[in-house]
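Residue 90 in my numbering sits at position 110 of the sequence shown, and the numbers go up by one each step.
Even glycine gets a Cβ: it sits at the ideal position worked out from N, Cα and C.
Let me begin by presenting the structure, written as structure tokens, before commenting on it.
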Amino acid sequence: MTAPAHPAGEGAALPDSPAPLDTPAERYRMLRLIRGFEELALGLVKSGAIPGGIHPYIGQEAVAVGVCSALGPGDRLASTHRGHGHVLARGTAPHRLLAELLGRVGGSNGGRGGSMHAADFSLGILGANGMVGAGAPIAVGAAWAAVNPGRTTAEGPGTEGPGTDGPEVGRTPVAVAFFGDGALNQGVLLESLNLAAMWRLPVLFVCEDNGYATTLPAATAVAGSAIGRAAAFGIPAEEVDGMDTEAVRTAALRAVERARRGRGPGFLACRTYRYEGHHTMERRMKLRYRSPEEVDAWRERDPLPRAAALLDPATVAELDRSVAEQLAAAEEFALASEHPDPAGALDHLYADGLRPRAGATP
């Protein structure tokens, strides 16, 4: 089998612009793409083609699509261990992401990142992260750098506020930090909220509250609320129906515009649900911590039919067909992509070409 030169819907060149998500049709197409991608990935995990398993995003698609539809070309995001939806919604080509999950050289990171560490700097995707809440300080650092161009960390943050010595006011890049409800008790998240608020940084914190930290119900482990965490730092917060793409988009647009204008960070608490387990290993372990009635009730709120209801049936059918073709080509590309050469296992392991900071010993 040879890899197709141009998988359906994708060019051969590396992507350098976000996915178009300006219309309801474009947003529905992305919802369908993420859902179909995850279903395809689940099959490849079962067959053994994807080693180690994945954390499926099925059910939470409205959050990724709604938030990413509010972002512009210069914006950045830091993802989570359940990050395929964020990466795709931002614009990474599905054939490159699928090849990455398979550990192939055609992957977005040459097969070295896998499911939990996919990144695409050309799109401002600073990486998925296997550590709970660890994307938050990365996003805060990116936001600080955006409003303090040319400065070093040794000089400290500016006191004049975002937009005055950085990019043009109103065009300040925004950084998004995605995290789950399980991160609400992580110190690194709280420290990130504090710094973003103190320095009035253009950061949007997005809590994907699916009700469970692995198998632990959040209600048994999290005192207070998600928006209460933000309120403690004076950060404007909003609770959003995370199963409604348009509701998430509307709230994200407000928060992003506020951040661009130098008014500091925002926080969205998106109530959502994952239809699959925390990790594909749950299928083998046969864990039972959610009732069938609970899962069925959330399936009644599936974001895909809600988005499809905004379009005519013929448009929905055509978009479904287009996505199916694109995913078929993505699977062909990924499976045909070569495995990495073991001789290069140590490549990229150590940084080189670094310039020591002022005062450091060379």
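{"Check": "C-beta contact flag for residue 53 and residue 127 at 8 Å", "Outcome": "no"}
{"Check": "Close-in-space but distant-in-sequence residues of the same chain around residue 225 (CB under 6 Å, 5 per side omitted)", "Outcome": "7, 42, 45, 46, 283 and 287"}
{"Check": "Residue 185 - DSSP class collapsed to helix/strand/coil", "Outcome": "strand"}
{"Check": "Contact the segment 251 to 270 vs the segment 70 to 86: 3+ CB pairs below 8 Å", "Outcome": "no"}
{"Check": "For residue 202, the three-state DSSP class (helix, strand or coil)", "Outcome": "coil"}
{"Check": "For residue 233, the nearest candidate out of 120, 125 and 154 (CA to CA)", "Outcome": "154"}
{"Check": "Contacting residues, own chain, Cβ-Cβ under 7 Å from residue 318 (five flanking each side not counted)", "Outcome": "84 and 85"}
{"Check": "Cβ contact (3+ pairs, closer than 8 Å) linking the segment 58 to 71 and the segment 169 to 176", "Outcome": "no"}
{"Check": "Cβ contact check for the segment 271 to 280 and the segment 302 to 316: 3 or more pairs under 8 Å", "Outcome": "no"}
{"Check": "CA nearest to the CA of residue 3, picked from 206, 50, 16 and 246", "Outcome": "50"}
{"Check": "Alpha helix (DSSP H) segment containing residue 276, residue limits", "Outcome": "272 to 279"}
{"Check": "Exposure label - residue 292; buried when at least 16 CB within 10 Å", "Outcome": "exposed"}
{"Check": "Beta strand (DSSP E) segments (min. 3 residues) lying fully within the segment 197 to 274", "Outcome": "217 to 221 and 246 to 251"}
{"Check": "Cβ-based burial, residue 192 [other Cβ within 10 Å; buried from 16]", "Outcome": "buried"}
{"Check": "Euclidean distance between Cα positions of residue 254 and residue 230", "Outcome": "22 Å"}
{"Check": "Endpoints, alpha helix (DSSP H) assigned at residue 15", "Outcome": "4 to 27"}
{"Check": "Straight-line Cα distance separating residue 14 from residue 69", "Outcome": "8 Å"}
{"Check": "Candidates 208, 212, 196 and 249, of which the one nearest residue 223 by Cα", "Outcome": "249"}
{"Check": "Cβ shell of residue 217 (< 7 Å), same chain only, five flanking positions each side left out", "Outcome": "207, 210, 211, 247 and 249"}
{"Check": "When 256, 333, 276 and 163 are compared against residue 187, the one with the closest alpha-carbon", "Outcome": "163"}
{"Check": "Whole-angstrom distance between residue 315 and residue 91, CA atom to CA atom", "Outcome": "12 Å"}
{"Check": "Bridge-paired residues (DSSP) for residue 105", "Outcome": "57 and 100"}
{"Check": "Buried versus exposed call for residue 328 [16 or more other C-beta atoms within 10 Å across all chains shown]", "Outcome": "exposed"}
{"Check": "Top-ranked residue by Cα proximity to residue 120, from 184, 81, 94 and 19", "Outcome": "184"}
{"Check": "Residue 116 vs residue 169 beta-carbon contact at 8 Å", "Outcome": "yes"}
{"Check": "Rounded straight-line distance, which links the Cα of residue 326 to that of residue 34", "Outcome": "25 Å"}
{"Check": "Residues that DSSP places opposite residue 193 in a beta bridge", "Outcome": "196"}
{"Check": "Member of 158, 18, 95 and 9 whose CA lies at the smallest distance from the CA of residue 32", "Outcome": "95"}
{"Check": "Supposed contact pair residue 198 and residue 161 - C-beta distance, whole angstroms, cut 8 Å", "Outcome": "4 Å"}
{"Check": "Counterpart residues of residue 168 in DSSP-defined beta bridges", "Outcome": "Note: residue 168 sits in no beta bridge, so no partner."}
{"Check": "Identity of the residues DSSP links to residue 156 by a beta bridge", "Outcome": "57 and 184"}
{"Check": "Residue 345, buried or exposed, once every other Cβ within 10 Å from all chains shown has been counted against 16", "Outcome": "Shown here, the chain extends from -19 to 342; a query on residue 345 therefore has no answer."}
{"Check": "Distance CB(residue 273)-CB(residue 251) smaller than 8 Å", "Outcome": "no"}
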